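So for the sequence shown, the working numbering puts the first residue at 20; every next one is plus one. Virtual Cβ for every residue (Gly too), placed ideally from N, Cα, C. From a predicted model like this one, the values you see are computed outputs, not experimental measurements. Notes follow once the structure below has been shown.
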Amino acid sequence: MKQVGEGYAICIGRSYGSGGYRLAKRLHERLEVPLYDKELLDKAAEDSHIRRELFEQADEQNGYEMPLVLSGTLGMPNAFYMPAQSYLSNDHLFSIQAETIQKLGSKGSAIFVGRCADYLLREHKQLLTIFVTDDLERRAEVVQKRLNLDSLEEATREAERVDKSRRDYYNYYTSKHWGRADNYDLCLKLSAIGIDYAVEMIIGIIRERGFVKD
């Protein structure tokens, strides 16, 4: 399957435990285009020469600041803290990551998971935005198995915590509403339609929209 023009971007938002990453992975395998999830942190760290751990700490979080430690952050010897006014905020890290996403989006077809990619690439000429969700109870069961938690109640709290973090992050940086259907081209519940059908449907959509051809 060949891309048409300069390439397309598929951006997938997801509630925790809904299968959004599994869907992205399957599309990556079928379409044979790059997939960026946690890989975005590696790329942003590489572009900025800032330690990946700082991007990891701020990943889909907003609002706090951290002291900039030059030895660990920029690879300089003799660790020291900058003065109190010198902070590396989540806003700074988001700006760096945003530039990375936009750069990757301009290089050819790719799949992006989370991190406001749908908003950052909103001017992309060949963009498909998707949100994946499911019932909280079903997602909690997935989270319980994934994290090996003792109870479904604990897993439910964790799913709600991660969802809140993602919602706050997305709403803060985009002024849009995370997970609301009218913000996306397509909203999916994989437990209802199955991942195989979802993959074929998405491929059909990008084919119909002229993003790819056989």
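Check your understanding: Roughly how many angstroms separate the alpha carbons of M20 and L123, rounded to a whole number?
Key -> So the alpha carbons of these two residues sit roughly 20 Å apart.
Point to revise | Pick from R134, G38, R49 and Q22 that is closest to K57, judged by C-alpha positions | key: R134
**Study point:** Paired residues, beta bridge with Y192 - DSSP
**Key:** Note: Y192 sits in no beta bridge, so no partner.
Practice item. Can you give me the Cβ contacts of F99 inside the same chain, cut-off strictly under 6 Å, excluding the 5 residues immediately before and after it? Key: Confidence in F99 is poor, its pLDDT being 32 and thus under 50, which makes the residue's placement unreliable; the coordinate value appears in the next sentence. Cβ neighbours of F99 within its own chain (closer than 6 Å, five residues either side excluded): none.
Review point. Can you list, in chain order, the stretches of the beta strand (DSSP E) that have 3 or more residues and sit fully within the region 201-233?
Key: Counting whole runs of 3 or more residues, the region 201-233 contains the beta strand (DSSP E) stretches 205-207.
Practice item. Answer with buried or exposed for I212, where buried requires no fewer than 16 other C-beta atoms within 10 angstroms of its C-beta. Key: exposed
Review point. Who pairs with I115 in a beta bridge, going by DSSP?
Key: Answer is none; I115 lacks a bridge partner.
Check your understanding: The beta strand (DSSP E) with R70 in it runs from where to where?
Key -> Run containing R70: none; DSSP gives neither H nor E here.
Point to revise | When Y40, E25, G36 and F113 are compared against D66, the one with the closest alpha-carbon | key: F113
Check your understanding: Which one of I222, E179, A174 and E227 has the shortest CA to CA distance from L42?
Key -> Taking only the C-alpha atoms, the option nearest L42 is I222.
Point to revise | Nearest neighbour of C30, chosen from D61, R157, W197 and A129 [CA to CA] | key: Considering only D61, R157, W197 and A129, the residue with the shortest C-alpha distance to C30 is A129.
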